[in-house]
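Counting along the first sequence from 1, when you hit position 35 you're at 35 in my numbering, and nothing is skipped either side.
Quick reminder that beta carbons are idealized off the backbone N, C-alpha and C, glycines included.
Below is one structure; the comments refer to it alone.
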Amino acid sequence: MDKNYDFKTVEDKWRKDWDKKELFKFSFKEGDRLFVVDTPPPYVSADHLHAGHIMSYAQAEFIVRYKRMQGFKVFYPMGFDDNGLPTERFVEKKYKIDKSRTTKKEFIELCLKETEKGIETYRNLWNSLGISVDWSKTYSTIAPLPTKVSQWSLIDLYKKGVLYRQELPILWCPHCQTAISQSDLEDKEKNSKMNYLSFPIENEESVVIATTRPELLPACVALYFNPTDERYKELIGKKAIVPLFNQEVSFKTSEAVDKEKGTGLMMVCTWGDQEDLEKWRMDNLETKSLLTPDGKLNELGQKYQGMKIEAAREAIINDLKEQGFLIRQEDITHSVNVHERCDTPVELILSKQWFIKIADLKEKWLEMGKKIAWHPEYMRDNYEIWVNSLKWDWCVSRQRYYGVPFPFWYCSDCGEVILPDEKDLPVSPTEQKAPVNECPKCGGSIIPETDVMDTWATSSCTPFLLKEMIGNDQLFPVDLRPNAHEIIRTWDFYSIVKSTYHFNAIPFKNIMVSGHGLDEQGKKISKRLGNYVPSDQLVDEWGADAIRYWATGAGLGQNLRFNPKEIKKGKQIVTKLWNVAKFIDLNLTDFEEKEIKLETPDLWILKEMNETIKKATESFDNYEYAKAKGEIEEFFMSKFCDYYIEFVKYRLYGEDNESKKAAQTTLKKVFINILKMFAPILPFITEEIYQNFAKESIHISSWPKAEEVKDEPDFIEAISAIDEIRKYKSENQISLGAELEEYKLQTKVNLDKYGEFIKKAIRVKEIK
RNA sequence: GGGCGAUUAGCUCAAUUGGUAGAGCACUUCGUUUACACCGAAGGGGUUAGAGGUUCGAGUCCUCUAUCGCCCACCA
């Protein structure tokens, strides 16, 4: 063995070896125990890989390697989420193009090109980190099979009556020009002005209303106050005139109006916010649709027609001021719902879209959530909070180019929906003919649906996509879904929705939720802040094992700071394992194990080892890789290196062959189990060392089993005695290697039994 | 405003069911020793955020307060 451990050469060697031997390729036969992992398919548009990515994927992979050693046949494919808005936005930004100013064909080609690149970037990183996925089973969400499964899913939902198409006020992104869903929203603090406007009342004085959105005045349809509000009681039955636009609106009351907010009077427009929508729905108010899909005022805006929202707001405020309707203004900051992909404030517009029923089935979603084992447990709360906050059905249609098409055609006359035959899936309605030439109901002509699916409508199929990839229903539900907490409300929730509707089953039995990677100051790592070292540089500098070690630093659900010291510590452990390996290797000879007569220190370390195996196994079983690492490391560094190796040196160098063999056997046995326990976390160094002893990969070897060992309970006293002498030597500045002539021991210990051992282990000639 | 997490040594974190607060890093001192200077040994360092309560006993359970993070709500 080389004197120094060269991680670059070694890690590269095993990467190639595993790849060549297809070590992680999935295969199983009847009776095998399966472990199916539904890994988050990353957006290929996320081209800035950093420690946070390493952390979350490594944490899941610790469990995967552990399960494999436990004898499970692991199905661990990798997917890529490459369709939909994220990719389009990425391409738009990168090539500085606008969807509306390029042809659909060119645009899709660029998306596909970037998709390919993205997959390569990810694949390189996973490989360098030793993420043991089965690369022969890779999917991308826009490929034929996933498209087929996503389309089948929609057809099934349609047949079950839970997918419907309706014209409704929906969440709309004026920048991306597409419908979006509640889960695509993000909060953003914005500076704004609260405008206090005077609304004249017929034959009377005016009332004052506060609003941040005067540009919605043309769509104002009613004014509301709280029924207990004495100030406005007598307004019922009267009408106010909307400033500038002059439509008459009536006063209404609602318990939901807060007397303390603004002036206690609220204007309802169609539609500025959730509250508007609810009043509109409840009181059956008039519909005044004001916005165009690109976020401009339509003809209802009169002289402001064609202006963008912000421009119209400014112009209207100016005119209000001029004509004396603006009483006063206040600077405020408030949070605004923006589209998370582009930061544009979202609007509500009337549009015909496809929806999946979710808002009325909260109880069902909660019930399904309870059937899943959440790691950590409290993450279920996050899920339940989201479910309870649902207000809208899931809008799954998007007016974009690069995505999985809806598998539907319509009758242009009666609107009848035409479904394809399931055996013809996948289909692309805009490019192929419908299964019928004319509407079977009215004989009208057929037009294709041009919408594509929301990205989550495709990725939420992965739990049952996996079984389709293998063609075996036993793979569903999957055993483990690992992901970060921000996609509980999307990927996880929608997966639960779909599996419930399709199979009345949970999609995954276990979910492990990871935290975020933070920079050294504790800030979330993000592309915008640039506060990260690219992942490939990290691996190059420290090696995969050391980085993976760092990833054990936070328990499930916890954020983890980037910390070079912890990576260094990982490197130190790798080096330590290497040095121990050299030491043991040098002193090993072949012998028959049955002749061995173990001595007290041997029994002690074996007993300690079995305790460690028990604890590490339990921790890994509970997805607590951080705890497992702590237990293994403590045993290796303190018990094995600091004590046991020191205890047996004199036997290894001595003349008593029987005693020497016992020490050697124990060293080897314990060390191999240490390697095995470290293997899920440090796959490279453990493989390198293990294959010096064994001819197979450590990663398909079996996880150690704890055995019962009868040790000598009073041996602990001998260890205390050795501690005492170590301390004495250190305090008196004597080298640990120097032999003391004589020492008077304070610690109570059975010297008849352990005197000789202590003298030799810590080098003292005479103990009193 | 509601909820969920967190707060333990200078730093990063442990602490089974309530039972003498522990590691690593950093710091101080020592040690070239035949696995390891990519090293080893020893040492100093804590009113467990604060205040109450339950208990023979609280880092751990309860109540309140403060600070931080996240989720949800908040556009009148």
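- Between Phe355 and Asp393 a beta carbon distance of about 4 Å is seen, short of the 8 Å cut, so the two are scored as contacting.
- By the Cβ neighbour-count rule, Met637 is exposed, with fewer than 16 other Cβ atoms within 10 Å of its own.
- Using a Cβ distance threshold of 7 Å, Leu277 and Leu290 do not count as a contacting pair.
- When Ser56, His50, Leu157 are compared, the shortest CA-CA separation from Cys461 is found for Leu157.
- A direct Cα-to-Cα measurement between Val74 and Phe24 gives close to 8 Å.
- DSSP places Cys395 in the strand class (E or B) of the three-state scheme.
- Bridge pairing for Asn195: Thr211, Gln329 [DSSP].
- Around the CB of Ser697, 16 or more other CB atoms lie within 10 Å, so the residue is classed as buried.
- In this chain, the alpha helix (DSSP H) harbouring Thr666 covers 657-678.
- Three or more Cβ pairs closer than 8 Å define a contact, and the segment 656-665 falls short of that threshold against the segment 686-694.
- Along the length of the segment 709-768, whole alpha helix (DSSP H) runs at least 4 residues long occupy 715-731, 751-762, reported in chain order.
- Its Cα nearest to that of Val268, the residue Thr211 stands out among Thr211, Glu322, Phe245, Tyr304.
- The residues Asp711, Phe715, in chain order, have a CB closer than 6 Å to that of Trp604 in the same chain once the five nearest residues on each side in sequence are set aside.
- A check of alpha carbon separations from Glu724 across Ala706, Ile762, Ile681 identifies Ile762 as the nearest.
- Taking each of Pro42, Asp2, Val64 in turn and checking the Cα distance to Pro683, the smallest one comes out for Val64.
- Taking the C-beta atoms as reference points, Thr344 is found nearer than 7 Å to His175.
- Between Arg561 and the set Leu465, His50, Glu739, Ser27, the nearest pair of CA atoms involves His50.
- Between Glu416 and Lys441, the C-beta spacing is below 7 Å.
- Excluding five sequence positions before and after Ser702, the CB atoms of its chain that fall closer than 7 Å to its own CB belong to Met69, Gly71, given in chain order.
- Bounds of the beta strand (DSSP E) holding Met267 are 265-269.
- Its chain contains Gly369, Trp374 as the residues whose beta carbon lies nearer than 7 Å to that of Arg380, once the 5 sequence neighbours on both sides are disregarded; these appear in chain order.
- Pairing Trp542 with Pro426, the inter-Cα distance amounts to about 45 Å.
- Exposed is the label assigned to Ile385, since fewer than 16 other Cβ atoms lie within 10 Å of its Cβ.
- Trp550 places its beta carbon 7 Å or farther from that of Tyr494.
- Under the three-state reduction of DSSP, Lys649 is assigned to helix.
- Spanning the alpha carbons of Ile767 and Val749 requires a straight line of approximately 11 Å.
- Between Leu265 and Ile327, the gap from beta carbon to beta carbon reaches 7 Å or more.
- The three-state reading of DSSP puts Asp479 in strand, counting E and B together.
- Note on geometry: alpha-carbon atoms of Gly530 and Gly130 lie some 26 Å from one another.
- The shortest C-alpha to C-alpha distance from Glu310 to any of Thr552, Gln353, Leu216, Lys288 is the one to Leu216.
- When only Cα atoms are considered, Val257 and Cys395 end up about 28 Å apart.
- Beyond the five residues adjoining it in sequence on each side, Phe620 comes within less than 6 Å, by CB distance, of Tyr66, Ala628 in the same chain, given in chain order.
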